[in-house]
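According to the working numbering, the sequence shown holds residues -17 to 61 in order. Below is one structure, written out as structure tokens, with a few remarks after it.
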Amino acid sequence: MRALAATAILLLALAVPAAAAPPGAGVLVPGQSLGGVRLGATKAAVERSWGRAYGICRGCERETWSFNYYAFQPRGAAV
């Protein structure tokens, strides 16, 4: 019973990030959107699409969020 509960919790934890993640390759529409997020989208809209697992650029002039596919790896997207 414990093993079943642990497996269910693990599967739920893995399913949530899969639903909200940085965009895959080939999802840029110049002047319109990136990964399903339209230009001018609100912060809430970005979080709904890509999740809350992002870093904030400390050296950027404008507020910039960095979404990586894997923690501490330089691949992903920034908005």
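Backbone N, C-alpha and C define an ideal beta-carbon position, used for all residues, glycine too.
- The beta carbons of A2 and W32 sit closer together than 7 Å.
- The criterion of a C-beta distance shorter than 7 Å is satisfied by G58 and F49.
- Bounds of the alpha helix (DSSP H) holding A26 are 25 to 32.
- For A59, the uninterrupted beta strand (DSSP E) segment begins and ends at 58 to 60.
- The DSSP-derived three-state label of R20 is strand.
- The three-state reading of DSSP puts G13 in coil, since its state is none of H, G, I, E or B.
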